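Student: Mind having a look at this structure? Questions to follow.
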RNA sequence: GCGGUCGUAGCUCAAUUGGAUAGAGCAACAGGCUACGAACUUGUAGGUUGGGGGUUCGAGUCCCUCCGACCGCACCA
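In the working numbering, the protein residues as written are 766 to 1331.
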């Protein structure tokens, strides 16, 4: 189906044969040599129609001067008349409403199971494409602990990175630390106030400071290290020290939270370092060379309106300091020198920034090379009540607290279920419930159930099953449906990458689990007949492989057994 | 006011990039364990895809226009 996957299953070759036959038939019926018809099969939304369908008759109808339905019927008749051998691989071909629907013989699906067993965790992996991709996500301000939204960008970003890598791309994951601006000074003042408040509770807290109690332990650390020596020092002495101390400590905490989430990024880019390294000047020079820079009102501007922005943007202030936009230009100049494409997943407060970021690509002569996704806002619900959160009041629920409450597996799976740009309600009560209602446990239970069956199976039969013996015995509808589902895995990974939509993988995992549970109800795996047991154990094991791969790409564990219910 | 994102079943979300009868899960109702883990499963019910127009063989998807929600609109970061 897709040439970039290794062995996406024998059904793809089967399909190619059928498509070729249809193309020959169409070429005969449509005496229009200028464009030879191309037959593309895709899975119909409703599988009652068949395994695959093609709309080629709808597209060719006008040129063939007959109705789509008539043309489709003729094409179907022709391929069976011209190539009777097709009946071996094609159990059914029908023309309905202009579509040509085909159903493959069981052999195609049996061989998919063989492919999965042979390739194991490598099933579905793409060949290296050589394309390098920069994927930025997380990137919280270094002024406080990570909160829920960052959990969402982290889950989406890491899942996307894993899918890109599995599909054969070369990915660098990165996070920018905004350590260059005035917020570090504000952080320093807030931390200093906490430090003074340790001995003088009446010491005033800065009005625009960062509330919340997370700075208090940091202040205590400073107190233990340095004692009272800062109490009488002037601000010019303590400010840099407190700012840097706070920054380093908070970034370290953010990294620790990522680690709890099972996420480690390749690159933590300091914005200050961009300023110091001369990267900003390099970026500006590039733009100047392309005529995108002009001077006015004492500042340096980028002609952003030329690329569709609603106003031109200052890149160097009239006091000579670059703006944040300047850092962005520099950072993406650097990213695009390392990678073919840069993808960013940002929080909801960056909505108005999408155009400005994406136009940087065009200004750098790489139109379309920057793509910004916005992870929308989340509403937290617990026991049916909205959890109130206000940054000002300092009662924001941190990501760490959420991990404490529901655990990393549930959090990662839930964050990835909806598409990034749809706002999301996160039900903490549901996420921590270990029950039918919880999709994470549903999928994990499927994996554990297979592991349990394998523990009970005779080792010699299991060994034969893993070698792919007797798969030709699989013929029950629920067996074929499950095998068919396993065949969709490689295409699912590719579609995650194409659409930048990890949610498809979460959904896919749920579908695999559902098909397995149905198979399990209908077909006894460990039965009287050893040969049938071998075939079904093979199917079960292939399912376990695909479930494990799906969960791995989502950063969720695949347990061998679930904790027993009380 | 300008711009962005969105609006789909009672709730949480899908819909293979323009395809057929818009699908899952939860909640509701009715069934299924002397079987490999019932943390499972079978079925029923639930919709004018916010409203209206347009483009074409064909629209939840693309265009226009209203309505509504959220978020931006700095020589802050």
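Even for Gly, the Cβ is constructed at its ideal location relative to N, Cα and C. Just so you know, these numbers come straight off a predicted model, no measurement behind them.
Please list the terminal residues of the continuous alpha helix (DSSP H) segment that includes residue 897.
Tutor: From DSSP, residue 897 is part of no alpha helix (DSSP H) but of the beta strand (DSSP E) over 897 to 901.
Student: Say whether the segment 1239 to 1249 touches the segment 873 to 884, bearing in mind that this needs 3 or more beta-carbon pairs closer than 8 angstroms, one atom from each stretch.
Tutor: Counting Cβ pairs under 8 angstroms, three or more are found: they touch.
Student: Taking the C-alpha atoms as reference points, what is the distance between residue 1310 and residue 1295?
Tutor: Taking the straight line joining both Cα atoms gives about 22 angstroms.
Student: For residue 1280, which residues in the same chain have their Cβ closer than 7 angstroms to its Cβ, ignoring the five residues on either side in sequence?
Tutor: Answer for residue 1280: 1246, 1247 and 1250, listed in chain order.
Student: Among the candidates 819, 1317, 814 and 963, whose CA atom is the shortest distance from the CA of residue 785?
Tutor: Measuring from the Cα of residue 785, the nearest candidate turns out to be 819.
Student: Let me know if residue 798 comes out buried or exposed under the rule of 16 or more other beta-carbons within 10 Å of its beta-carbon.
Tutor: Note that residue 798 scores 47 on pLDDT, short of 50, meaning its location in the model is unreliable; the coordinates nonetheless yield the value given after this. The residue is exposed, with fewer than 16 neighbouring Cβ atoms inside 10 Å.
Student: By the three-class DSSP mapping on this structure, what secondary structure does residue 996 have?
Tutor: The answer is coil: DSSP assigns residue 996 none of H, G, I, E or B.
Student: Any idea what DSSP makes of residue 1182, helix, strand or coil?
Tutor: Note: residue 1182 maps to coil in three-state DSSP.
Student: Rounded to whole angstroms, what is the Cα-Cα separation between residue 1088 and residue 882?
Tutor: Residue 1088 and residue 882: Cα-Cα distance of roughly 55 angstroms.
Student: Would you say the segment 934 to 948 touches the segment 1274 to 1289, given that touching needs at least three Cβ pairs under 8 angstroms?
Tutor: The segment 934 to 948 vs the segment 1274 to 1289: no contact.
Student: Skipping 5 residues on each side, what residues in its chain have a beta carbon closer than 8 angstroms to that of residue 793?
Tutor: Closer than 8 angstroms at the Cβ level, and outside the excluded window around residue 793, lie 843.
Student: DSSP beta-bridge partners for residue 1143?
Tutor: Its beta-bridge partners are 1189.
Student: Ignore the nearest five residues each way along the sequence and tell me which others in residue 1271's own chain have a CB closer than 7 angstroms to its CB.
Tutor: Once the five neighbours on either side are set aside, the close Cβ partners of residue 1271 are 1178, 1181, 1182 and 1319.
Student: Rounded to whole angstroms, what is the Cα-Cα separation between residue 787 and residue 869?
Tutor: Spanning the two alpha carbons is a distance of roughly 15 angstroms.
Student: In three-state DSSP terms, what is residue 1135?
Tutor: Looking at residue 1135 - three-state DSSP - the assignment turns out to be strand.
Student: With a 10 Å radius around its C-beta and 16 neighbouring C-beta atoms as the bar for buried, classify residue 1001 as buried or exposed.
Tutor: The residue is exposed, with fewer than 16 neighbouring Cβ atoms inside 10 Å.
Student: Under the three-state reduction of DSSP, which class applies to residue 769: helix, strand or coil?
Tutor: Below a pLDDT of 50, predicted positions are generally treated as unreliable, and residue 769, at 32, falls in that range; no measurement from the model is reported.
Student: Would residue 1106 and residue 898 qualify as a contact pair, given that the criterion is a beta-carbon distance under 7 angstroms?
Tutor: Closer than 7 angstroms, so yes.
Student: Taking its Cβ as the centre, do 16 or more other Cβ atoms sit within 10 Å of residue 1100, making it buried, or is it exposed?
Tutor: Buried, since its Cβ has 16 or more Cβ neighbours within 10 Å.
Student: Under three-state DSSP, which class holds residue 1036?
Tutor: It is helical.
Student: In terms of alpha-carbon separation, which member of 1242, 1175 and 1239 lies closest to residue 1322?
Tutor: It is 1175.
Student: State the start and end residues of the unbroken alpha helix (DSSP H) segment that holds residue 1287.
Tutor: Counting along the chain, the alpha helix (DSSP H) containing residue 1287 begins and ends at 1268 to 1287.
Student: How far does the alpha helix (DSSP H) with residue 822 in it extend, from its first residue to its last?
Tutor: Start and end: 821 to 829.
Student: Taking the beta carbon of residue 1076 as the centre, do at least 16 other beta carbons fall within 10 Å, making it buried, or is it exposed?
Tutor: Its Cβ having fewer than 16 others within 10 Å, residue 1076 is exposed.
Student: Would you say residue 1284 and residue 1243 are within 7 angstroms of each other, going by their C-beta atoms?
Tutor: Their beta carbons are under 7 angstroms apart, which means residue 1284 touches residue 1243 by this criterion.
Student: What do you reckon, are the CB atoms on residue 1092 and residue 1036 nearer than 7 angstroms?
Tutor: Their beta carbons are under 7 angstroms apart, which means residue 1092 touches residue 1036 by this criterion.
Student: Can you tell me whether residue 945 is helix, strand or coil according to DSSP?
Tutor: The answer is coil: DSSP assigns residue 945 none of H, G, I, E or B.
Student: Under DSSP, the beta strand (DSSP E) around residue 1060 begins and ends at which residues?
Tutor: Counting along the chain, the beta strand (DSSP E) containing residue 1060 begins and ends at 1058 to 1061.
Student: Which word fits residue 1228, buried or exposed, when buried means at least 16 other C-beta atoms lie within 10 angstroms of its C-beta?
Tutor: That one is exposed.
Student: CB residue 1012 to CB residue 907, shorter than 7 angstroms?
Tutor: Closer than 7 angstroms, so yes.
Student: Answer yes if the segment 1260 to 1268 comes into contact with the segment 916 to 928, meaning at least three C-beta pairs across the two stretches below 8 angstroms, and no otherwise.
Tutor: Result yes; three or more Cβ-Cβ pairs closer than 8 angstroms.
Student: Just verifying my parser: in three-state terms, what is the DSSP assignment at residue 807?
Tutor: Correct three-state label for residue 807: strand.
Student: Hey, residue 1140 and residue 1173 are a contact pair by Cβ (cut 8 angstroms); roughly how many whole angstroms apart?
Tutor: Rounded, the Cβ-Cβ distance is 18 angstroms, inconsistent with contact.
Student: Using a Cβ-Cβ cutoff of less than 7 angstroms, which residues in the same chain neighbour residue 1237 once the five nearest sequence positions on both sides are dropped?
Tutor: If we look at residue 1237 and ignore the five residues flanking it on each side, its Cβ neighbours are 875.
Student: Any idea if residue 966 is buried or exposed, counting beta-carbon neighbours within 10 angstroms, 16 or more meaning buried?
Tutor: With fewer than 16 other Cβ atoms within 10 Å, it is exposed.
Student: For residue 841, which residues in the same chain have their Cβ closer than 8 angstroms to its Cβ, ignoring the five residues on either side in sequence?
Tutor: 858, 859, 860 and 865, listed in sequence order.
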